[in-house]
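Below is one structure, written out as structure tokens; the observations come after it.
In UniProt numbering, the protein residues as written are 1 to 417.
Next comes the structure, spelled out in structure tokens:
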């Protein structure tokens with residue numbers, strides 16, 4: 001059997017070389033079909049990575065909860081410890097400062113900057129794409145000046161200037177350590193992240209902040225305190241998208257530690273839209289798979305048609321092989337393998353063309369759409385495997401029917417032609 005298989009493969013390669021025009025004709029349909037499949041898989045992969053990146057940048061990674069307390073938090077450290085105890089793997093402040101600040105760059109005043117106070121851990125909860133400089137580090141907590149990471153719009157205004165000041169009731173120097181890529185909510189607005197540190201806590205929480213107690217004065221604060229918490233997506237609390245009842249129960253179990261009256265006013269909900277994004281990606285993927293299946297089926301029918309015509313034209317040749325002692329299995333393998341060889345060659349051609357097309361498309365799209373730094377437009381390994389695997393499978397299917405027809409042909413009738 002092994003000998004017949006080897007002989008069949010050799011006959012397949014010989015047939016492909018001897019019928020170059022037919023081979024090229026067979027390749028055409030497969031090149032289009034497999035090329036379309038590779039592009040579809042590439043587009044789906046890019047769409048999935050881009051949608052996930054945008055979701056993580058704008059709303060947080062999967063299973064991000066927003067936790068807001070509208071009552072005074074008298075012990076912020078205990079409150080944040082309880083958020084972690086309730087199931088959060090990472091916790092960060094996400095707070096608009098109580099005191100609105102005006103920025104100035106040299107003599108130029110920037111009237112409005114959307115400022116959000118955060119912790120170092122925010123970069124682990126929300127995707128922060130740093131274009132220049134860096135994100136906050138623990139070493140920045142000891143800075144004697146407020147530390148900022150500004151968005152791209154504000155970074156373009158600031159440039160390389162080091163004379164950046166922020167003012168509430170007086171002007172103070174600030175340190176800008178990085179420039180981040182703007183989110184979908186920024187538009188052309190100026191925004192910045194302000195690192196929570198001992199020097200900025202009163203600015204963030206207002207005059208009711210008690211630095212010695214590490215919290216707000218009881219009964220005096222009307223300012224809500226907002227944190228974001230990253231949970232394990234498998235946590236049952238992460239499945240509660242709207243009102244966060246389970247997480248609220250966990251957090252409130254030790255409310256006496258950080259709530260003066262023991263009746264905290266909490267609003268907790270899931271902030272990210274990873275599940276909605278995944279649903280859209282699934283719908284898009286099924287649509288793209290349908291398009292790819294249609295194009296690939298068209299290629300299969302083309303190869304099948306050429307294979308049937310080929311068997312009809314090669315009846316004398318195949319009959320001669322049979323007369324010279326070739327077994328039925330050898331001829332079956334030869335016809336099927338010829339179709340597989342043609343399909344795989346077409347798949348390789350389609351793969352090379354796809355690489356070139358994606359490279360050109362990436363250069364063109366990059367001029368119109370700002371992709372995140374870690375989202376590159378490339379043909380993924382999955383597209384390569386799917387493309388070549390589909391090509392071989394289509395060749396196999398397209399070769400079986402002509403091979404069966406070749407075996408049923410009469411040897412005597414074939415030799416008389």
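Every residue, glycine too, gets a C-beta built ideally from N, C-alpha and C. Quick caveat, the model's predicted, so the values are computed rather than measured.
Residue pairing by DSSP places residue 108 opposite 105 in a beta bridge. A direct Cα-Cα distance of roughly 14 Å separates residue 228 from residue 128.
In the pairwise beta carbon analysis, the segment 110-126 is classified as touching the segment 84-94: at least three pairs are separated by under 8 Å. In this structure the segment 262-275 touches the segment 55-75; the number of beta carbon pairs closer than 8 Å is three or more.
In the DSSP annotation of this structure, the continuous segment of the beta strand (DSSP E) that includes residue 175 starts and ends at 175-180.
Contact annotation: residue 131 and residue 159 have beta-carbon atoms that are not nearer than 9 Å.
The C-beta separation of residue 176 from residue 148 comes to about 5 Å, placing the pair in contact by the 8 Å criterion.
Taken in chain order, the complete beta strand (DSSP E) segments of 3 residues or longer contained in the segment 48-89 are 64-69. By the C-beta criterion, the segment 78-85 is judged not to be in contact with the segment 101-111, since fewer than 3 inter-stretch pairs fall below 8 Å. In this structure the segment 30-44 does not touch the segment 250-270; the number of beta carbon pairs closer than 8 Å is below three. With 16 or more other CB atoms across the displayed protein chains lying within 10 angstroms of its CB, residue 338 is buried. Distance from the CA atom of residue 330 to the CA atom of residue 287, rounded to whole angstroms, is 41 Å.
Counting along the chain, the unbroken beta strand (DSSP E) around residue 191 starts and ends at 191-195.
Taking the C-beta atoms as reference points, residue 86 is found nearer than 9 Å to residue 251.
The closest CA to that of residue 65, considering only 114, 243, 333, 363, is found on 243. Here the alpha carbon of residue 225 sits roughly 7 Å from the alpha carbon of residue 70.
In terms of Cα proximity to residue 355, the closest of 118, 36, 401, 171 is 36.
In this structure, the straight-line span from the alpha carbon of residue 204 to that of residue 196 is close to 8 Å. The C-alpha of residue 300 is placed about 18 Å away from the C-alpha of residue 385. For residue 153, the enclosing alpha helix (DSSP H) stretches over residues 152-158. One Cα belongs to residue 33, the other to residue 280, and the distance between them is close to 25 Å.
Annotation for residue 377: no beta strand (DSSP E) segment contains it, and DSSP assigns it neither H nor E. Residues of the same chain with a CB within less than 7 Å of the CB of residue 138, apart from the 5 flanking positions on each side, are 120 in chain order. Shown here for residue 140: same chain residues with a beta carbon closer than 6 Å to its own, the five before and five after excluded, namely 147, 195 in chain order. Linking residue 232 to residue 84 through their CA atoms gives a straight-line distance of about 12 Å. Between residue 343 and residue 30 a beta carbon distance of about 5 Å is seen, short of the 8 Å cut, so the two are scored as contacting.
Residue environment for residue 248: buried (at least 16 other C-beta atoms within 10 angstroms of its C-beta).
Distance from residue 167 to residue 102 at the Cβ level is roughly 5 Å; contact confirmed, criterion being Cβ atoms closer than 8 Å.
Inter-residue distance for residue 394 and residue 340 is about 8 Å (C-alpha atoms, whole angstroms).
Closest option to residue 199, judged by alpha-carbon separation, among 191, 348, 211, 347: 211. Taking 8 Å as the upper bound for CB-CB distance, residue 284 and residue 47 are in contact here, some 6 Å apart. Here residue 171 is near residue 104, since their CB atoms are less than 9 Å apart.
When the five nearest sequence neighbours on each side are left out, the beta carbons in the same chain lying within less than 6 Å of the beta carbon of residue 97 are those of 115, 117, 203, 204, in order along the chain.
Under the three-state reduction of DSSP, residue 335 is assigned to helix. Closest by C-alpha distance to residue 332, out of 399, 143, 208, is 399.
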